[in-house]
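Trainee: Numbering follows our numbering, with no gaps: position 90 of the sequence shown is 299.
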Amino acid sequence: MSRTSRWEYLRAVYPRYRRADRGTKQVILNEFCANTGYHRKYAIRLLNGPPPERKRAVVRRPRTPSYSPVVVLVLAAVWVWAAAAIAGRCASKRCCRSGSPG
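1. Please state whether the Cβ-Cβ distance between residue 220 and residue 261 is less than 8 Å.
2. Leaving aside the five residues before and after residue 242 along the sequence, list all residues of the same chain whose C-beta is less than 6 Å from its C-beta, in chain order.
3. Is the Cβ-Cβ distance between residue 237 and residue 226 less than 8 Å?
4. Quick one: Cα of residue 232 to Cα of residue 244, how far?
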């Protein structure tokens with residue numbers, strides 16, 4: 210049973226369960242657990258809780274850019290410069306593969 214069909218089934222059973230006496234509630238609960246696969250205690254909490262309502266979809270706003278285009282250009286230049294500096298250091302350390310610092 211899919212999540213949406215379980216939700217629809219809960220909405221259909223909920224009013225009947227709320228009006229039922231104790232013996233009938235037990236029968237409804239057994240049927241509900243068998244059909245949905247929910248654990249008994251979870252089903253009791255669903256059926257005794259507030260009436261099930263549809264949750265509204267949350268409209269997400271797109272993220273605002275963290276950096277302006279000018280800052281991105283500066284950061285790209287710094288990144289290129291740093292990569293060249295690190296590459297130069299790595300190239301000099303290749304000469305000293307014996308394990309002694311260079």
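For each residue, glycine too, the CB sits at the ideal point set by N, CA and C. It should be emphasised that the depicted structure is a prediction, and the values quoted were computed from it without experimental measurement.
Mentor: Result, derived from the coordinates:
1. yes
2. 249, 252
3. yes
4. 19 Å
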